[in-house]
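Protein chains: 4
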Amino acid sequence: MEPQVIDKVLDTMRQFVREEIIPLEAEFLAKGFTAMLPKLQEKREMVKKLGFWCPQIPEEYGGMGLSLMEHGLVSEVLGQTPIGHFVFNCQAPDAGNMEILIDHGTPEQKEKFLLPLVRGEVRSCFSMTEPEHAGSNPVVMSTTAVKEGNSYIIDGHKWFTSAADGAAFAVVMAVTDPHASVHQRASQIIVPTDTPGFELIRNISVMGEPGDGWASHAEVRYSDVRVPQENLLGQEGHGFAIAQERLGPGRIHHCMRWLGICERAFELMVKQALLRELGPGTVLADKQTIQNWVAESRAEMNAARLMVLDAANKIDKQGVYASRNEISMIKFFVAGVLMRVLDRAIQTHGAMGMTDDTPLAYWYRHERASRIYDGPDEVHKMVVARRIFKQYR
Amino acid sequence: MEPQVIDKVLDTMRQFVREEIIPLEAEFLAKGFTAMLPKLQEKREMVKKLGFWCPQIPEEYGGMGLSLMEHGLVSEVLGQTPIGHFVFNCQAPDAGNMEILIDHGTPEQKEKFLLPLVRGEVRSCFSMTEPEHAGSNPVVMSTTAVKEGNSYIIDGHKWFTSAADGAAFAVVMAVTDPHASVHQRASQIIVPTDTPGFELIRNISVMGEPGDGWASHAEVRYSDVRVPQENLLGQEGHGFAIAQERLGPGRIHHCMRWLGICERAFELMVKQALLRELGPGTVLADKQTIQNWVAESRAEMNAARLMVLDAANKIDKQGVYASRNEISMIKFFVAGVLMRVLDRAIQTHGAMGMTDDTPLAYWYRHERASRIYDGPDEVHKMVVARRIFKQYR
Amino acid sequence: MEPQVIDKVLDTMRQFVREEIIPLEAEFLAKGFTAMLPKLQEKREMVKKLGFWCPQIPEEYGGMGLSLMEHGLVSEVLGQTPIGHFVFNCQAPDAGNMEILIDHGTPEQKEKFLLPLVRGEVRSCFSMTEPEHAGSNPVVMSTTAVKEGNSYIIDGHKWFTSAADGAAFAVVMAVTDPHASVHQRASQIIVPTDTPGFELIRNISVMGEPGDGWASHAEVRYSDVRVPQENLLGQEGHGFAIAQERLGPGRIHHCMRWLGICERAFELMVKQALLRELGPGTVLADKQTIQNWVAESRAEMNAARLMVLDAANKIDKQGVYASRNEISMIKFFVAGVLMRVLDRAIQTHGAMGMTDDTPLAYWYRHERASRIYDGPDEVHKMVVARRIFKQYR
Amino acid sequence: MEPQVIDKVLDTMRQFVREEIIPLEAEFLAKGFTAMLPKLQEKREMVKKLGFWCPQIPEEYGGMGLSLMEHGLVSEVLGQTPIGHFVFNCQAPDAGNMEILIDHGTPEQKEKFLLPLVRGEVRSCFSMTEPEHAGSNPVVMSTTAVKEGNSYIIDGHKWFTSAADGAAFAVVMAVTDPHASVHQRASQIIVPTDTPGFELIRNISVMGEPGDGWASHAEVRYSDVRVPQENLLGQEGHGFAIAQERLGPGRIHHCMRWLGICERAFELMVKQALLRELGPGTVLADKQTIQNWVAESRAEMNAARLMVLDAANKIDKQGVYASRNEISMIKFFVAGVLMRVLDRAIQTHGAMGMTDDTPLAYWYRHERASRIYDGPDEVHKMVVARRIFKQYR
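Residue numbers (this note's numbering), protein chains in the order written: chain A, 1 to 393; chain B, 394 to 786; chain C, 787 to 1179; chain D, 1180 to 1572.
Below, the structure written as C-alpha cells:
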C-alpha cells in the first residue's frame, strides 16, 4: 500500500475508534463481552462497510491484505481500546488461527474452519498451555493424540485456552510421537468444541474476573476426544514449528497493540494532569514529578515503537529466523514500557486510577500478563543472551 | 504485655490465621463479602472466645488493650490474608472510627455508636474524599454542614467512602466554617446511614470489582441530610486535626498489614519456585533471577519492617508530632516494597499468578491503592523533604 | 553519500580504530594527553591520508562533507575509544567551534580561526558555564563584554572551559546588553588565549584527574580582556541563539559517541563473561544475572540507537526547531542507557572493572557528566513535558 | 559502655571529624596519602590524647574496647571523610589484621606484629585476591606455601593487596594442602614485606589513580618467599575459616562507614540544593525532583542503618553463624543505597559534582567497589536465596 494510502486508512480508523468504539468501553468494562455482543456486531458491520475488515488477512480470503508493518500500525490504532481488535476481527487468538489455517490448512479445512472465522461467524481458541507444566518451556506437554483408525484420540488438560467460551473450535497442541526429538513430538489438531469429551471446566478467574465469551481464559479437559485425522494441521510433529512461526508476526501485532494502549494511557495521563486542580491556579501538570513521568513515558514509548517497527521491517526483509533476537527483545522491552506507562497514568489519576471509570485499571491488571505469556521476560532475556554469547565464542 | 506473652499470642494468632481463615480465602475471592459473612461470623465468635477480639481497643471497651507496637505485630499476622483483620474486628475503616470515638466521643456517642461497633454488631464508614478535589490536598472540600436549629444540614458528594454498603453510620468530613483558616474549616459529624438524604449512589467498580458490603468503596451523595448537633465529633473545626491524629497509628497498622501481605507473598513465591519443575531435576528455584528476587525481597522486607517498628517505637516514646517524618517515610517506602514483592511473586507463578487461585492477583490490583490513599507517595516525599530543608535553612 | 559507500567508509574506520587507536588507549589512560600527543599526531596523519579527516566538515573547508546522519554513524565508530574523535579532528569542543565559524564567521574569522582548526594546527575552547550560576539555566550569566572604541572589554569568571589548556582561542559567551530580553543579552566573542587578562586559573580536578591539554576542563578568569570588535561571532545579542542552534547536531554526535562507548563496553562485558571461569567448566556467561544484563543492554542500546538515528533523520528533514523534543529526549534516554551499560560491564569485570586495565573505569567516571552537561536530564524532561502539555491545553 | 557515655564519645568524635579532619580533605584529594602523612600523624596524636585511639581494640592492647555495635556507630562518624578511619587507626586492612592477630596470634606474633600496628608505628596488608581467579569464589587460589625445613616457601601472584605500598608486613592466603577439602586448603601466613622475593609490581591504577601508601591497591608477586613456620596464623588449613570469621564484624564496620559517607553526601546535597539559585527567589530545593531525592535518600538511609544495627545486634547476641543472612543482606542493600545517594548528591551539584571540590566524586568512583569486594552483590543474593530455599525444602 502506498504510504499516503495507509496514512489515510489509519486516520479513518483512528476516528472510528474514537467515535464508535471508545464510547462502548465503559459498558464493556461494566457488563462484559456477551452483554455487549449485539452492539459490537453493529460496529463490526460498519467496519465491513468501511472495507477495513480483517486487515491482516489476504484479500483473496476477504481481508485488507496489509503487510506485517502496515498491520502493525493498524494494531497500534486499535489497541487504544480493549475491544478495538475484536471489532475489526483481528483479535487474538482468532487472528493467529486464521494465519495458521491460511499457511497450513487443507482446502477442506479452509472451507470448514477458516472462512467462517474470517467472515466473523464463529470464534476459535488455541489450546496449548497446561497447568502442570511451566509455560516457559512449551515443549514439555502431557496432552496426547493417539491414532486409532481414521481418528486421533486426544486426552489432556489445558488452561489459559483463551476465548474457548463460545468458540466453535480449538486448535489443540498434543503429543503425537512421545519418542520423537523434543521439538517434533507435538502436532496441532483442530477440535470442534462440540466434540464429545471436550469439557470447558471453568472460565478461570483472572485478576478477579472469570470473564465470558471472547474475554475469558478457560480451563479445558480433553477426555477421549475423537476427531478425524484430516483435522491435523500441517504435518504430524510440526506442531511446535508452526507455533514458533506464528510468534514473529504475532509479536509485532501484540507489541503494537501494547503501544496503542500506551498512547491512550499517555493521553489520559496528560489530560488528567492538566485538568486536576491542586489549588487556585495550579494543576497537577505543574508538578515536576508528573513532568518527569510524561517525558520519560514519551521517550520510552518512542524508543519502543522504533524497535517494533524495526523488527517488523527486519522480518519483512530477512525473515523470522534472522530476526529472532529482535522478536525476543521487543517482547520484554515493550512489555516493560507498557507496565511503567500504565503505572504512571494510574498514579496521576489518584483514586480515579483505581476505578473502572477509565480503562487504565483494566489494562493494569490484565496486561500484567504481557510479561508472562508467549514466554516470560526472563526466558527471552536468557535466549537472547545465549545467542549473543554464541557469536563471540 | 510481656514480650513472652505477646510472642505466645502472636503464635496462636498465626496458627488461627493459617488453620481457620486462609482456608476461607478462595471462597471469599470467588463470592465476595456478603456471601461469606455467615462463615466469617463463625470465625469472629471463635476469636472472641480466644480472647483476641478487637486487639487494638482498650480493655475497658472490650478489646485486648495492646500498645501501638504490639498491635502492629498483630496487624502483620492478620495481614497475611485479605479477611484477617475483619475476623478480629480491627479492619479499616471501623478501627479508625473506634479510635476517634474513644478519643473524642461523648458518653452518649460512645454508647450509641462505639459500643455496637466494638461488639461487632454494626459496621461504619469514613466519608472524606471528594471526586471533584485532589485527594492529595484534603483541606480542599466542598461538602458543607450548616447549622439550623439543633441540627446540621449536610450537603455534598463523596467517593471512596469505603465499606459504606451496609454500614450503620458514616463519619463525615464537612466544612462548618468556610471562612476559618484552611485547617480549621471542617468538622467530623456522625451520620446514620438511614438518615433521609443519605444516598449510596454506587459501589464504585475498583479494579474490575464493585465489591459488596465491607469490601466495597462507595460513591455517596448527601442531600439536605439533617442530623442533631450532638452528632459532632470533638470540637467544631477540629475535623482535620482529628483526621491527622489518626494517621500515625493508622499508618503503623496499615504498614504492618502490608508487611503481612509481603510475608505471605514471599512464602508463596518461595514455595512455587521450589515446586515448579522446568525439566528433569531442575526447578524454578535453581534460576538465578528467582534467587535475586528472593534475596532482594527478603532484604527489602526486613528493612521495611525495621523502619515501621522504629516509627511505632518513636510514636510510643515521642508522640506523633515528633515522628511525622518517620510516618511519612514508611508510607512510601513500605508501599514500594509491597508492590515489588507482589510483582515478583506473580512473575514467579507465571500464568497462575494472573489467576485468583492465589491471593496474589487480588493484592496486586487492590493494594495498588497503597501508593495513593492517605496521601500519594509524591506528597509524602515532598513533605518530608521540605521539613528536612527547614532544618538546614 | 551512497549507502554502500558510507558502509565501506565505516568498515575501514572501524578497522582503523581497532588496529591503530585502541592499542594507544592504555598509554593514554596512564600518561595523559600531552605525553601521547606525538603518537596521536602520527595517527592523525594516517587519517588525513585515508581521506577521513574532519568527517563532519564540508569538503570546501577540507573535510569529508558528511551529512548529520552519516557523521552520526562515524561518531559511533570513533566513540569506541576515548581518543577516537581527536584522531579524526572531530572532537568537542573544536567540532562545535568549527560549525559556528562556518555558519557565522566572517571571511577574516574563517581565515584566521577556522582554517587552522580544520587543519588541526591549533585547538580551541568554548567558554560559557560560570561557577556562580546553575548550568541548567544558561541565560543567567555574569561575564560582560563592554564596548570601548573598537574593542570589547571582557570581564568574567568561567569554568568547565574544556580543553582551554593549550587552546589557541576561546569562544566566550558574554553579556553585551544586560537590558535586552533574557535570550538576547549575550554574544559570542573570539578571544585568543594569549590576550592579556586571559588567565587559566587551573585545570579543574574532575573525578580525580586535572587532566592536561585537550583532556582537561579549565577554570578561567577574564580580567579586562580587550579584543577587537571584529571578533564578534554573528550578530550582537545572538550568543544564546547560536549556542542553541549548535545543540541539535552536537547532540546527535554526542549520543552516537555514547553509543560507541556502549558498543565497546558491551563487547568487553560479553568477552569477559565468556573468559572468566568460576569453576571447572563454568564461566560467568552461564549465570542468568549476566545473561539478563547482556540482553537488557542489547535491547536498550538498540532502542537508543534507533531513537538517535530517528532524531537525526528528523533534523535533516524538518530542521532543529521541529525536532526539539527528540533532541531533548535522546539526551536523557541515551545517557541513562550509557550509565547502565557501563555499570553492568564494570560489575561483570569485578575488581578488574575498577582498574584502568580497561577503559570502562575511565568512562564510568568521566561520562557521568553526560547526565549533567548541555542541560541536566531533569531540565530536558521538564522542557519536553511542558511542550507536550502545551499541545493538549 | 553506658548509652550516655557512648553518645558523648560520638559527639566529641563528630566534632573532631568536622573541625580537625574534614579541613584536610581537599589537600588529601589533591596530593594523596604520602604528602599528607605528617598532618595526619599530628591528628593521630590528638586522637591518642583524646583517648579515642583504636576504638575497636580491647583495652588490654591499648584500644577503647568498644563492642561491635558501639564501634559501628564510631565507624559511621568516621566514614564521613575518606581519612577518618586512618586518623583513629581503625582503617582497613589494618583493623582486620589486628583482629586476626588478637584472636589467632601467638604471644610472639602479637609482640612482633600486633603491637606496632596498634601503636600506629607500622601498617600492614592482606593478600588474598588473585587476578587469575574470580574474587567471587575465594576458595580457588593458585598461590602456594610449601614447607621446607622450618620455613614456608611462598609462590604466587596477588592483586588488590590494598595498602601494600609502605606496609611492614602482609597476611598472605596461600594453599598449604592442595589435596584437602576445598575450604581447608589455604592458610594465612605473615610475610614481612622486606622478605626477599616479595615484589610490589605496581600500585594498580584504580579509577584513574594508582594512589600511594595506605591509599593504594597493589599487585604483588611472591617468588620463592621464605618465612619461618612460626609465621603461620592460627592452624594450618584454617586460612579460609579465619577470613570468614572476620567478615561479620568487618561488614558491620564497612556498612556503617558507608552510611557515614551517605550522611555526608546527604548533607552536601541538602545544603547545595538550598544554596544554588535557579533564578530570582528560587533555589534547587524548590524543585520536586530534588525533593524526591532528598526524601528517598533519607528513607533508604534510615532503612539501611536499622538493618546494619539489627545485624550487629544479632551478631552480638547469636553469633556470626546465625547472622549469615543478615550479614550478606546488608552488603548488597547498603551498597545499593550508598551508590544511589552518591549519585543523587552528584546530580544535585551539577558540574561541581564532577569535580574534586567536594569528596562526592572520590566516593562515587572508589566506593563503586562496594558492590564488588568481599563478594559481589550477585553472590550474596544467591547465597541468601539458597539458604532461604533450604528452609522450605
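Ideal placement from N, C-alpha and C gives every residue a C-beta, glycine not left out.
1. Along the region 1323-1348 of chain D, what residues have a CB closer than 9 Å to any CB found in chain C?
2. Does DSSP put A:Gln291 in a helix, a strand or coil?
3. Please list the terminal residues of the continuous beta strand (DSSP E) segment that includes D:His1559.
4. Per DSSP, A:Pro395 is paired with what?
5. If you reduce the DSSP assignment to three classes, tell me which class C:Glu985 lands in.
6. Interface residues of chain C around A:Asp194 at Cβ under 8 Å?
7. Tell me whether C:Gly1065 is buried or exposed, calling it buried when 16 or more other Cβ atoms sit within 10 Å of its Cβ.
8. Name, please, each residue of chain D whose Cβ falls closer than 7 Å to the Cβ of B:Asp750.
9. Can you grab the Cα-Cα spacing for the pair B:Met521 / B:Leu494, in whole Å?
10. By the 10 Å Cβ neighbour count, where 16 or more other Cβ atoms means buried, how is A:Thr161 classified, buried or exposed?
11. Checking the sheet assignment: what are the DSSP bridge partners for B:Asp605?
12. Mind listing the chain G neighbours of B:Ala485? Cutoff is C-beta to C-beta under 8 Å, in chain order.
13. Considering A:Gly114, what are the terminal residues of the beta strand (DSSP E) in which it resides?
14. List the residues that DSSP assigns as beta-bridge partners of D:Tyr1240.
15. So for A:Gln188, helix, strand or coil by DSSP?
16. For the region 674-704 of chain B, which residues have a CB atom closer than 7 Å to at least one CB atom of chain C, in sequence order?
17. Between A:Ser187, A:Asp7, A:Met339, A:Val337, which has its C-alpha nearest A:Gly72's C-alpha?
18. Report the partner residues of D:Ser1303 according to the DSSP bridge assignment.
19. Looking at C-alpha atoms only, which residue of C:Glu1063, C:Ser967, C:Trp1044 is the closest neighbour of C:Gly870?
20. Check whether the region 973-982 of chain C touches the region 846-854 of chain C, taking contact to mean three or more Cβ pairs, one atom from each stretch, closer than 8 Å.
21. Compare the beta carbon distance of A:Gly248 and A:Leu78 with 8 Å and say whether it is the shorter of the two.
22. Identify, in the order they occur along the chain, each residue of the same chain with its Cβ nearer than 7 Å to the Cβ of A:Asn97, setting aside the five sequence neighbours on each side.
23. If you check the beta carbons only, do B:Gly528 and A:Ala361 fall under 8 Å apart?
24. Checking 8 Å against the spacing of the C-beta atoms, do A:Val47 and A:Val87 come in under that value?
25. Closest to C:Gly818 by CA distance: which of C:Trp945, C:Glu918, C:Trp1000 is it?
26. Spatial neighbours of B:Met775 within its chain, please: CB distance less than 7 Å, with the 5 preceding and 5 following residues excluded, ordered by chain position.
27. Can the beta-carbon of A:Thr144 be found closer than 8 Å to that of A:Lys158?
28. Using a Cβ distance threshold of 8 Å, determine whether the region 1072-1089 of chain C contacts the region 1155-1164 of chain C, with at least three qualifying pairs required.
29. Which residues of the region 109-133 of chain A have a Cβ closer than 7 Å to any Cβ of chain B? Give them in chain order.
30. Please check if any C-beta of chain B sits within less than 8 Å of the C-beta of A:Gly96.
31. With H, G and I counted as helix, E and B as strand and the rest as coil, what does DSSP make of C:Ala931?
32. Quick check on DSSP: helix, strand or coil for D:Leu1457?
33. Run the CB neighbour count on C:Ser1114, radius 10 Å, all protein chains shown included, and call it buried at 16 or more, exposed below.
34. Could you check which residue in C:Leu823, C:Ala953, C:Pro824, C:Ile940 has the C-alpha nearest to that of C:Thr962?
35. Please work out which residues of its chain come closer than 8 Å, Cβ to Cβ, to B:Asp487, disregarding the five sequence neighbours upstream and downstream, and give them in chain order.
36. Listing by chain order, which chain B residues have their CB less than 9 Å from the CB of D:Lys1210?
Quick answer:
1. Going along the region 1323-1348 of chain D in chain order, one finds Trp1338, Phe1339 with a Cβ nearer than 9 Å to chain C.
2. If DSSP states are grouped into helix, strand and coil, A:Gln291 belongs with the helices.
3. Unbroken run through D:His1559 is the alpha helix (DSSP H), 1556-1571; no beta strand (DSSP E).
4. The question about residue 395 of chain A has no answer here: the residues shown for chain A are numbered 1 through 393.
5. Of the three classes helix, strand and coil, the one that applies to C:Glu985 here is strand, per DSSP.
6. Those do not exist, as A:Asp194 stays about 44 Å from chain C at its closest Cβ, beyond 8 Å.
7. The residue in question, C:Gly1065, is exposed, as its Cβ has fewer than 16 Cβ neighbours within 10 Å.
8. For B:Asp750, there are no C-beta contacts with chain D under 7 Å, since the nearest C-beta of that chain is about 20 Å from it.
9. Take the alpha-carbon of B:Met521 and the one of B:Leu494: they are about 16 Å apart.
10. Under this definition A:Thr161 is a buried residue.
11. B:Ala608.
12. Considering every chain present, this structure includes no chain G. Its protein chains are A, B, C and D.
13. Gly is not the amino acid found at residue 114 of chain A; the sequence shown has Leu there. From DSSP, A:Leu114 is part of no beta strand (DSSP E); its letter is neither H nor E.
14. Beta-bridge partners assigned by DSSP to D:Tyr1240: none are found.
15. DSSP places A:Gln188 in strand when its eight states are reduced to three.
16. Listed by position along the chain: Lys680, Gln681, Thr682, Asn685.
17. For the residues A:Ser187, A:Asp7, A:Met339, A:Val337, the minimum Cα distance to A:Gly72 belongs to A:Asp7.
18. Paired residue(s): D:Phe1348.
19. For the residues C:Glu1063, C:Ser967, C:Trp1044, the minimum Cα distance to C:Gly870 belongs to C:Trp1044.
20. Fewer than three pairs of CB atoms, one per stretch, sit closer than 8 Å, so the region 973-982 of chain C makes no contact with the region 846-854 of chain C.
21. Not a contact, by the Cβ cut-off of 8 Å.
22. Beyond the five residues adjoining it in sequence on each side, A:Asn97 comes within less than 7 Å, by CB distance, of Leu117, Ser124, Phe126, Val171 in the same chain, given in chain order.
23. A:Ala361 is positioned such that its CB atom lies no closer than 8 Å to that of B:Gly528.
24. The Cβ atoms of A:Val47 and A:Val87 lie closer than 8 Å to each other.
25. Relative to C:Gly818, the option among C:Trp945, C:Glu918, C:Trp1000 whose CA is nearest is C:Trp1000.
26. If we look at B:Met775 and ignore the five residues flanking it on each side, it has no Cβ neighbours.
27. No, the pair does not count as a contact, with Cβ atoms beyond the cut-off.
28. These segments do not touch.
29. Residues passing the 7 Å Cβ filter: Thr129.
30. Output row for A:Gly96: interface = no.
31. DSSP, reduced to helix, strand and coil, places C:Ala931 within a strand of the structure shown.
32. Correct three-state label for D:Leu1457: strand.
33. Under this definition C:Ser1114 is a buried residue.
34. Comparing alpha-carbon positions, the option among C:Leu823, C:Ala953, C:Pro824, C:Ile940 lying closest to C:Thr962 turns out to be C:Ile940.
35. Non-local C-beta neighbours of B:Asp487 in its own chain, meaning closer than 8 Å and more than five positions away in sequence, comprise Leu510, Arg516, Ser517, Ala556, ordered along the chain.
36. Chain B residues near D:Lys1210: none, gap ~31 Å exceeds 9 Å.
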